[in-house]
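Residue numbers (the numbering used here), protein chains in the order written: chain A, 1 to 241; chain B, 1001 to 1251.
A quick write-up on the structure given underneath.
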Amino acid sequence: MSLFLTQSSIGRKLVMSITGLFLILFLTFHMCMNLVAILSAEGYNAICEFLGANWYALVGTAVLAAGFIIHIIYAFWLTVQNRAARGADRYAVVDKPKDVEWASQNMLALGIIMLAFLGLHLYHFWSKMQLVDLIEMAGGDVCSQALENTTNGFYHIVNTFSSPINTLLYIIALAALWFHLSHGFWSALQTIGFNNTTWFDRIKWIGRIWATIVVLGFIVTIVMFFLDGFFGLNILPLLGA
Amino acid sequence: MAKSINITLKVWRQKDAKSKGHFETYHLENISTDSSFLEMLDILNEKLVDEHKEPIAFDHDCREGICGMCSLYINGHPHGYESEVTTCQLHMRKFKDGDVITVEPWRSRAFPVIRDLMVDRGAYDKIMQAGGYISVNTGGTPDANAIPISKEIADEAMDAATCIGCGACAAACKNGSAMLFVSAKVSQLALLPQGKLEAARRAKAMVAKMDELGFGNCTNTGACAAECPKSISLSNIARLNREFLCAKLKD
Ligand code: HEM
Ligand code: SF4
Ligand code: FES
């Protein structure tokens, strides 16, 4: 039975859809967590400690990584199959119908931008937090300075966003995410079969609104930390140290 | 008011399935804006025959938008830019004097070119043969009102049933996906009590055939519905996904 997840087009699309929805759910939590950093460094670091190198956070990280990896592998696989299905000869003239969203035709390109960003993001945070703890637990050499900051997420946020370049790169990736989700959300529900004439436009709007909330939440955090650090305002976190 | 225009056509010419094709340019003068697009091609073909050249091969039959035989990718759109019309219903009054019109065949791996603008759409017939029907015991004609069906359901089934199997959906799709066609065919039957009985088997068989024939994976870009001459709705694709996934999960 489960063969249809690899052998049928709709089965493959189901995998894309479920992993995509899972990633949206993850990002929604991630965004809410980030907002805590604006309010309280202690609160944020408590979350970092809770999600540090302990068994449940590691299981969570592994599941999340699997979600990403499956989504990405299927993305490339489907795209290769779809290009082949188009045939060897291309149209000389193409004119996109106005009802077709730009994002829907560029999901892979948007995904690749996010993938590049993911590398950068893991380097900025994960490699300095959970990874350091893991190396230390495995008996590796880590300097005490690095070890001290493994759950000090607040410190890493301040560090990362004091740079205008980092801030800009993050915002570019978030813009790509917005486009990806503006199509991805309704597309995922359509793939599962959860759609009909009445709900068609509603689901599209719910998707756009959800994407906007998630992306804005991330951007607000980033921009506030950037302004605070860059201009030395020192007003963050709002509720004091 | 009859008016006439001069146009330039760039038409895909290809000797047979195996040859390499190319664009050929033709100038046509004094084309009446009252003529249809296919009549314009007829005029061109007569001219070519007079010049002892090979006429352009293109598909057509009813010329009134019901048979699904005509095709043509006109200036980047299957059945031309106008919405809700087939190529045979497209008229030259939609073009301006001096226009350059590029005419290409459907391009999709599952629709190989036979000659010039003609492609083999047998793949759609094979999908139909895989399950796009209902099995009935023939007997006395049943009473028309024996099985009541609500107006909404009847309308939705009728809308799905307007699909003429022209292939514009797969031709327009960047993924070469036939999902709009298959979903229309699955929906027109799955919505009605007579077709519901075999719905699960039908969805599985038709999707399996569609995949086997080399159509792509639908990524919901919606180009199919935007270009479909019969405005088949994307919500049919959601229904097909639902029918297929439920059938697979029950196995
Ligand atoms: C932050 C992470 C991501 C989220 C939340 C996400 C979410 C989604 C969702 C919900 C869909 C729609 C699924 C469907 O149509 O059924 C989707 C489709 C897609 N995603 Fe992602 N995605 C993410 C990252 C990526 C990455 C890194 C890549 C590629 C390198 C990628 C490539 C694609 C492609 C090509 C599609 C379209 C495929 C299709 O519809 O069949 N995504 N994504
Ligand atoms: S769904 Fe529309 S475009 Fe596709 S075959 Fe049917 S009528 Fe043609
Ligand atoms: S020729 Fe029959 S639909 Fe166009």
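Each residue gets a CB set at the ideal place from its N, CA and C atoms; glycine is no exception.
Expressed to the nearest angstrom, what Euclidean distance is found between the alpha-carbon atoms of residue i and residue j?
{"i": "Thr221/A", "j": "Phe1215/B", "result": "44 Å"}
{"i": "Phe230/A", "j": "Val223/A", "result": "10 Å"}
{"i": "Leu1191/B", "j": "Thr1008/B", "result": "47 Å"}
{"i": "Cys1169/B", "j": "Gly217/A", "result": "39 Å"}
{"i": "Leu1213/B", "j": "Ala1123/B", "result": "7 Å"}
{"i": "Val1207/B", "j": "Ile1127/B", "result": "8 Å"}
{"i": "Ser144/A", "j": "Arg12/A", "result": "47 Å"}
{"i": "Gln190/A", "j": "Arg1121/B", "result": "27 Å"}
{"i": "Ile70/A", "j": "Asn166/A", "result": "28 Å"}
{"i": "Cys48/A", "j": "His124/A", "result": "14 Å"}
{"i": "Leu51/A", "j": "Ser1150/B", "result": "54 Å"}
{"i": "Ile1114/B", "j": "Ala173/A", "result": "46 Å"}
{"i": "Ala1199/B", "j": "Leu64/A", "result": "36 Å"}
{"i": "Leu35/A", "j": "Phe225/A", "result": "11 Å"}
{"i": "Thr150/A", "j": "Ala109/A", "result": "33 Å"}
{"i": "Phe1111/B", "j": "Tyr44/A", "result": "57 Å"}
{"i": "Cys1070/B", "j": "Ile1031/B", "result": "21 Å"}
{"i": "Gly1140/B", "j": "His1060/B", "result": "37 Å"}
Around the C-beta of residue i, are 16 or more other C-beta atoms found within 10 angstroms, so that it is buried, or is it exposed?
{"i": "Met16/A", "result": "buried"}
{"i": "Pro1105/B", "result": "buried"}
{"i": "Thr160/A", "result": "buried"}
{"i": "His1027/B", "result": "exposed"}
{"i": "Thr1025/B", "result": "exposed"}
{"i": "Arg1255/B", "result": "Any property of residue 1255/B remains undetermined from this structure, which presents chain B solely from 1001 to 1251."}
{"i": "Phe1095/B", "result": "buried"}
{"i": "Leu233/A", "result": "exposed"}
{"i": "Pro1142/B", "result": "exposed"}
{"i": "Trp205/A", "result": "exposed"}
{"i": "Gly139/A", "result": "exposed"}
{"i": "Gly60/A", "result": "exposed"}
{"i": "Asp1125/B", "result": "exposed"}
{"i": "Thr19/A", "result": "buried"}
{"i": "Leu239/A", "result": "exposed"}
What do you reckon, are the CB atoms on residue i and residue j nearer than 8 Å?
{"i": "Ser1252/B", "j": "Asn1236/B", "result": "What is shown of chain B runs 1001 to 1251, which leaves residue 1252/B out entirely."}
{"i": "Thr1087/B", "j": "Gly1076/B", "result": "no"}
{"i": "Ile1005/B", "j": "Asp1097/B", "result": "yes"}
{"i": "Ala103/A", "j": "Phe29/A", "result": "no"}
{"i": "Pro237/A", "j": "Ala37/A", "result": "yes"}
{"i": "Cys1173/B", "j": "Gly1068/B", "result": "no"}
{"i": "Ala1176/B", "j": "Gly87/A", "result": "Checking the sequence shown, residue 1176/B turns out to be Gly, not Ala. Yes. Within cutoff."}
{"i": "Ala116/A", "j": "Lys128/A", "result": "no"}
{"i": "Thr1102/B", "j": "Lys1010/B", "result": "yes"}
{"i": "Leu120/A", "j": "Gly67/A", "result": "no"}
{"i": "Ser187/A", "j": "Asp1211/B", "result": "no"}
{"i": "Ala1226/B", "j": "Asp99/A", "result": "yes"}
{"i": "Arg1063/B", "j": "Leu1038/B", "result": "yes"}
{"i": "Ile1232/B", "j": "Cys1163/B", "result": "yes"}
{"i": "Ala1157/B", "j": "Gln1188/B", "result": "yes"}
{"i": "Leu1090/B", "j": "Glu1082/B", "result": "yes"}
{"i": "Ala1223/B", "j": "Pro97/A", "result": "yes"}
{"i": "Ile1196/B", "j": "Phe1244/B", "result": "Looking at the sequence provided, one finds Lys at residue 1196/B rather than Ile. Cβ atoms of Lys1196/B and Phe1244/B: not closer than 8 Å."}
Taking DSSP as the reference, what is the three-state secondary structure of residue i?
{"i": "Ser17/A", "result": "helix"}
{"i": "Trp205/A", "result": "helix"}
{"i": "Phe311/A", "result": "Residue 311/A is absent from the structure shown; chain A starts at 1 and stops at 241."}
{"i": "Val1100/B", "result": "strand"}
{"i": "Asn34/A", "result": "helix"}
{"i": "Leu233/A", "result": "coil"}
{"i": "Leu3/A", "result": "coil"}
{"i": "Met1118/B", "result": "strand"}
{"i": "Val1113/B", "result": "strand"}
{"i": "Val142/A", "result": "coil"}
{"i": "Ser1004/B", "result": "strand"}
{"i": "His1079/B", "result": "coil"}
{"i": "Ser1183/B", "result": "helix"}
{"i": "His1052/B", "result": "coil"}
{"i": "Val132/A", "result": "helix"}
{"i": "Trp186/A", "result": "helix"}
{"i": "Ile1066/B", "result": "coil"}
{"i": "Val1011/B", "result": "strand"}
{"i": "Asn1045/B", "result": "helix"}
{"i": "His1027/B", "result": "strand"}
{"i": "Tyr1073/B", "result": "strand"}
Since residue i contacts residue j with CB under 8 Å, what's their CB separation in whole angstroms?
{"i": "Asn1217/B", "j": "Gln81/A", "result": "6 Å"}
{"i": "Ala53/A", "j": "Asp141/A", "result": "Contact flag wrong, Cβ pair sits at about 16 Å."}
{"i": "Ser1135/B", "j": "Met1092/B", "result": "So it is not a contact: roughly 46 Å between Cβ atoms."}
{"i": "Met137/A", "j": "Leu177/A", "result": "Not confirmed; about 32 Å, so no contact."}
{"i": "Ala211/A", "j": "Phe185/A", "result": "6 Å"}
Cβ of residue i less than 8 Å from any chain C Cβ?
{"i": "Thr1025/B", "result": "Among the protein chains of the structure shown, namely A and B, there is no chain C."}
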